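**Q**
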Amino acid sequence: MVVRNICCIGAGYVGGPTMAVIAYKCPDIKVTVVDVNEARIKAWNDEDISNIPIYEPGLEDIVAEARDRNLFFSTDIEKAIDEAEMIFISVNTPTKTYGLGKGKAADLKYIELCARQIASVAKTDKIVVEKSTLPVRTAEAIKSILDNTGNGVKFHILSNPEFLAEGTAVQDLLNPDRVLIGGETNEDGFVAINALVDVYANWVGRDKILTTNVWSSELSKLTANAFLAQRVSSINAISALCEQTGADVNEVSKAIGMDSRIGSKFLKASVGFGGSCFQKDILNLVYIAKSYGLNEVADYWEQVIKMNDYQKRRFASNIVKTLYNTVSGKKIVFLGWAFKKDTNDTRESAAIYVADDLLNEEANIAVYDPKVEKEIVYRDIDNLNTRTSELNRKHIEVVNDPYEACKDAYAIAVLTEWDEFKTYDWQRIYDKMKKPAFVFDGRNIIDGEKLREIGFVFRRIGN
Ligand code: NAD
Ligand code: UDX
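Heads up: the sequence shown begins at 1 in full-length UniProt numbering, then just goes up one per residue.
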């Protein structure tokens, strides 16, 4: 079967870039990305390409080339479903905030809505692809909805989890380590799997396209994120020990990373991992393990989250302790609010939690991030419901000029590893600050020796 028309439900961080790359690489396939969020679709269609709603290096060029050629963004979900042979579900699957599994399980209400909408609209056979990250065995629930409320048409369900990381999404999509496709292990299943393999084979080597059964594919995605997050928590745990013993986490990281069995990637100690995926997916894994009575398995993975929470708290409390046990009324500058560099995404960013702790200590915070808008910063901190939004606005200012932000500041905390922070005129910053002037590098990116020569008191993670 040759696919000529694809629909993707969900025009977010995954749906947008993924479909843009498919359209870019497969000019013969019409790709329509739909979303209920009108503002988001409008932004994807904005004539000024710099206004597309997601910032990713290289994405503007890809969208500019494919948009209105074979890539379309629309709010007409029914039409797109009706026309497509293959439908990707790429909607959000956040942690449940209510009811059974609250705080752990994935909230699948948006997935179910998509399944019901596909079932009610479809008049021809469809391949439905799970692109969202889902608990293992979700395909079973989707199939049950589709088969019981459909119009007698056939549905084939595939799992095709997305492994892109934000900030490098375009590169990850153009050159993936692997593409994973899970499907039913019967003749119909193989036809569906091969149809999707052929789409990716337009630019990905077939040796990198891995096919499995549906459950392995679903579980592999949660497992990959759990393993990655576990590495960050492991090195962060060691960073706390380094700070007590005179070892340097950068040196330890390098020393262990040169062991080819361990490998050097994902061993950067930090203020804690953030992002929309790691915490959510591990919590989900913990919930699934518990639901099968596998309590030891659940406890094992939950520790990765606990260590991350500890790291964020530890960073904030180190600031308070170093500033003579009080930050009340003191201005502290945050360089960075995004959860990592090269993205405007702030979901679960460590900066939010560090800010919350420091606001509890009555600090005043000035936030500078090259890509994050003011309203997002306030939204993030308001969402914690720790204090009134008036109080949050009183104690946090969001600024456009990092140098101005540092005027009369007592300390600077580096929360995101944006490259520009490395090349600032630190002497100019020092001159504007209260003395002693402190810098807390939560990303280990700043040249500490240089800053110490200028006169800063410089602290970093794991040193
Ligand atoms: P997102 O919140 O950026 O985008 C999801 C979009 O789906 C939103 O624009 C929302 O309006 C839309 N939507 C929700 N319900 C809808 C419906 N019924 N009909 C039409 N549109 C609907 O989320 P995201 O970051 O793109 O993540 C999507 C999925 O991909 C999640 O399961 C996530 O775990 C997974 N994932 C994310 C990343 C990442 O880096 N962000 C990487 C891999 C996998
Ligand atoms: C992650 C996975 O990497 C990706 O495969 C999956 O599809 C989605 O989740 P993402 O969250 O976008 O991607 O970014 P990632 O690069 O994994 O970083 C996650 C967090 O860990 C960031 O806050 C980052 O700063 C932090 N991190 C990462 C570290 O603190 N140290 C490291 O060594 C690596």
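Just so it is clear, CB atoms sit at the ideal spot from N, CA and C, and this is done for glycine as well.
These numbers were taken from a predicted model, which means no experiment stands behind them.
With distances taken between CB atoms, is the gap from residue 88 to residue 45 smaller than 8 Å?
**A** No.
**Q** For the ligand UDX, is there any heavy atom lying closer than 7 Å to the beta carbon of residue 277?
**A** It does: the Cβ of residue 277 is within 7 Å (strictly closer) of some heavy atom of the ligand UDX.
**Q** What whole-angstrom Cβ distance do residue 287 and residue 104 have, given they're in contact under 8 Å?
**A** Yes, residue 287 and residue 104 are in contact; Cβ-Cβ is about 4 Å, under 8 Å.
**Q** State yes or no: is the C-beta of residue 11 nearer than 7 Å to some heavy atom of the ligand NAD?
**A** Residue 11: yes, Cβ under 7 Å from the ligand NAD.
**Q** What is the C-beta distance between residue 18 and residue 173, in whole angstroms, given that I count them as a contact (C-beta under 8 Å)?
**A** So it is a contact: roughly 6 Å between Cβ atoms.
**Q** Using a Cβ-Cβ cutoff of less than 8 Å, which residues in the same chain neighbour residue 2 once the five nearest sequence positions on both sides are dropped?
**A** Contacts found: 195 and 198.
**Q** What does the alpha-carbon distance come out to for the pair residue 382 and residue 226?
**A** Near 28 Å, if we compare the C-alpha coordinates of residue 226 and residue 382.
**Q** Looking only at C-alpha atoms, which of 55, 136, 361 and 392 sits nearest to residue 375?
**A** Checked all of 55, 136, 361 and 392; the closest Cα to residue 375 is 392.
**Q** Can you round the beta-carbon distance between residue 90 and residue 12 to whole angstroms, since I take them to be within the 8 Å contact cut?
**A** Confirmed, about 7 Å.
**Q** Would you mind reading off the limits of the alpha helix (DSSP H) that contains residue 217?
**A** Start and end: 214-245.
**Q** Sort 385, 377 and 387 by Cα distance to residue 399 and report the nearest one.
**A** Closest option to residue 399, Cα to Cα, is 377.
**Q** With DSSP collapsed to three states, give me the class of residue 87.
**A** Residue 87 falls in the strand class under three-state DSSP.
**Q** Just list the beta strand (DSSP E) runs in the stretch 357-409, keeping only unbroken ones of 3 residues or longer that don't cross its boundaries, in chain order.
**A** Listed in chain order, they are 364-368 and 396-398.
**Q** Beta-carbon within less than 8 Å of residue 251's beta-carbon, same chain only, minus the 5 sequence neighbours each way: which residues are those?
**A** Result list for residue 251: empty, nothing under 8 Å.
**Q** Helix, strand or coil for residue 413? Go by DSSP, reduced to three states.
**A** Strand at residue 413.
**Q** Smallest Cα separation from residue 371: which of 37, 35, 313 and 51?
**A** Residue 371 has its Cα closest to that of 51, out of 37, 35, 313 and 51.
**Q** Going by DSSP in three states, residue 272 sits in which element: helix, strand or coil?
**A** Three-state result, residue 272: coil.
**Q** For residue 309, tell me which candidate among 357, 419, 458 and 292 has the shortest Cα-Cα distance.
**A** Of 357, 419, 458 and 292, the residue nearest in Cα terms is 357.
**Q** Ends of the alpha helix (DSSP H) at residue 162?
**A** Unbroken run through residue 162: none, as it is neither H nor E.
**Q** Could you check if residue 505 belongs to the surroundings of the ligand NAD, using beta carbon to heavy atom distance under 7 Å?
**A** The requested residue 505 is not part of the displayed model; the chain covers only 1 to 463.
**Q** Quickly, what does DSSP pair residue 440 with across the bridge? List them, please.
**A** Answer is 413 and 459.
**Q** Let me check understanding here. Comparing Cα to Cα, which of 130, 5, 121 and 96 lies closest to residue 14?
**A** The shortest C-alpha separation from residue 14 is found at 130.
**Q** Taking 7 Å as the cut-off, is the C-beta of residue 162 nearer than that to any heavy atom in the ligand NAD?
**A** It does: the Cβ of residue 162 is within 7 Å (strictly closer) of some heavy atom of the ligand NAD.
**Q** Please list, in chain order, all residues of the same chain as residue 58 whose beta carbon is under 6 Å from its beta carbon, the five residues on each side excluded.
**A** So the qualifying residues of the chain are 170.
**Q** Once DSSP output is grouped into helix, strand and coil, what is the label at residue 339?
**A** DSSP places residue 339 in coil when its eight states are reduced to three.
**Q** If we ignore side chains and look at the alpha-carbon of each, how far apart do residue 397 and residue 433 end up?
**A** If I take the Cα positions, the gap works out to 17 Å.
**Q** Does the contact criterion of 3 or more C-beta pairs under 8 Å hold for the stretch 310-320 versus the stretch 445-454?
**A** As far as the Cβ criterion goes, the stretch 310-320 does not touch the stretch 445-454, which means the pair count is below three.
**Q** Reducing DSSP to helix, strand and coil, say where residue 201 ends up.
**A** Note: residue 201 maps to coil in three-state DSSP.
**Q** Pick from 48, 60, 55 and 231: whose alpha carbon is nearest that of residue 466?
**A** The structure shown has nothing for residue 466, since the chain only spans 1 to 463.
**Q** At the 8 Å Cβ level, is residue 408 part of the contact set with chain D, yes or no?
**A** Of the protein chains in the structure, only one exists, and it is not chain D.
**Q** Please report the distance separating the alpha-carbon of residue 70 from that of residue 151.
**A** Whole-angstrom Cα-Cα distance: 29 Å.
**Q** Say whether the stretch 254-264 touches the stretch 198-218, bearing in mind that this needs 3 or more beta-carbon pairs closer than 8 Å, one atom from each stretch.
**A** Not touching, per the Cβ criterion.
**Q** Residue 15: beta carbon under 7 Å from a heavy atom of the ligand UDX?
**A** No, the ligand UDX has no heavy atom inside 7 Å of this Cβ.
**Q** Can the beta-carbon of residue 345 be found closer than 8 Å to that of residue 166?
**A** The answer is yes: Cβ separation under 8 Å.
**Q** My output table needs one value for residue 71: the three-state DSSP class, helix, strand or coil.
**A** Three-state DSSP puts residue 71 in a strand.
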